[in-house]
Every structure is written in C-alpha cells, then in structure tokens.
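Numbering (our numbering), first residue to last: 869 to 1044.
This is how it looks when you write it as structure tokens:
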C-alpha cells in the first residue's frame, strides 16, 4: 500500500484549499492519545513534535493484516477529538472507501463514487483516484493548475494563444 499512500497524499495535498498535508504525522490531541494516520490534511505546523490537535481529514489505507480493533479505536479517538472525516481506503477485497464522520453512520463509497470534504477540500475525489496512480497524477495536475489560477491546460493554451494573437496584431500594426 505504500505506493497508493504516496499517490493519495500527493492528490489530497495539492488540492487548492489545502494548507498542509502530512504522511504518518503524529497526532496527540490529548496526553492519553497518540496516533499517526497514514495521511492527514489540516493546519500542520512544520516543527518537531506531535501535532496537538486532530486533523480535519485523516486517511487510512487498510491492507491485509490490518488490526481492525486498533483501527476502530483510532477512528473513534480521532472523531472524538475533532476530526471531521476519516476515509479508510480498503486495499484488500473489493475496492471501497469507508467514510466516517462524527454522529453519522459509516458510508461505503465504491469505484465510480466521488468523495467530498466540504470546507477541507475544494475538489471532489473519485474513489478510483485513491487507488490509481495515473488518475491521481491527472487530478494532481488539475489541483496544481488551480493553485495558479487556471482551470485546465486548455485555459493556459487559450491565454497563450490570446497573448500571441495580441502581440502579432501589435507588431503587424507597427510594420504597416
């Protein structure tokens, strides 16, 4: 699951509304809780030590051999201390993502479904992008373009075409 963890962190961390992303970041919202979700999205400070508050979004990649009681405890602790969403990406068995939120039943998202994290992520995340590196890279590019104020590569091309057209017209007017 290491490759999928990395592509998930890349995709989620480049969302235009995300300020910081952490991989295996230590979270200690209370002295009796010490957790390290696979991916955390939130206001992580870039300094030594454990983060003192739970992230708004945490992602866990669960593969064969996953300690399910320990995972359930981690989910309960993070939700109880402020995490708004936890996505558990199942790598073994049918591809699906369990969506956990405080005071809500668990929702199972499958390939073809789209995940949303209002107030955390600007862009929806197709479940398949949490598994497929090529799709994660394509959406990462979209995110990076949006961070720079573009909706797509086509928008950059159109801007370049318009600038080139204007320059050509201006140069042609000087020659005439």
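Quick reminder that beta carbons are idealized off the backbone N, C-alpha and C, glycines included.
Review point. What alpha helix (DSSP H) runs, 4 residues minimum, are completely inside the segment 975–1018?
Key: As summarised for the segment 975–1018, the continuous alpha helix (DSSP H) elements at least 4 residues long and confined to that stretch are 1001–1015, given in chain order.
Check your understanding: Should the segment 982–996 be regarded as contacting the segment 923–933, the criterion being three or more beta carbon pairs within less than 8 Å?
Key -> Cβ pair count under 8 Å is three or more, so yes.
Review point. Does the segment 956–963 come close enough to the segment 989–1000 to have 3 or more Cβ pairs within less than 8 Å?
Key: Three or more Cβ pairs closer than 8 Å define a contact, and the segment 956–963 meets that threshold against the segment 989–1000.
Review point. Where do the ends of the alpha helix (DSSP H) carrying residue 903 lie?
Key: Residue 903 -> no alpha helix (DSSP H), and no H or E assigned at all.
Exercise for review: Would you check if the segment 934–949 and the segment 913–920 touch, i.e. whether three or more CB-CB distances between them fall below 8 Å?
Suggested key: With fewer than three CB-CB distances shorter than 8 Å, the segment 913–920 does not count as touching the segment 934–949.
Check your understanding: Alpha carbon to alpha carbon, what distance is there between residue 1030 and residue 965?
Key -> The alpha-carbon atoms of residue 965 and residue 1030 are separated by roughly 43 Å.
**Study point:** Beta-ladder partner(s) of residue 955, from DSSP
**Key:** Answer by DSSP bridge pairing, in chain order: 927, 967.
Review point. The alpha helix (DSSP H) with residue 919 in it runs from where to where?
Key: Careful: residue 919 lies outside any alpha helix (DSSP H) and carries neither H nor E.
Review point. For the candidate residues 929, 898, 886, 882, whose alpha-carbon lies nearest to that of residue 892?
Key: For the residues 929, 898, 886, 882, the minimum Cα distance to residue 892 belongs to 929.
Exercise for review: Over the uninterrupted beta strand (DSSP E) stretch that includes residue 890, give me the two end residues.
Suggested key: For residue 890, the enclosing beta strand (DSSP E) stretches over residues 889–891.
Review point. Per DSSP, residue 886 is paired with what?
Key: The partner list for residue 886 (beta bridge, DSSP) is empty, contrary to what the question assumes.
Review point. What are the boundary residues of the alpha helix (DSSP H) that includes residue 937?
Key: From DSSP, the alpha helix (DSSP H) with residue 937 extends over 936–948.
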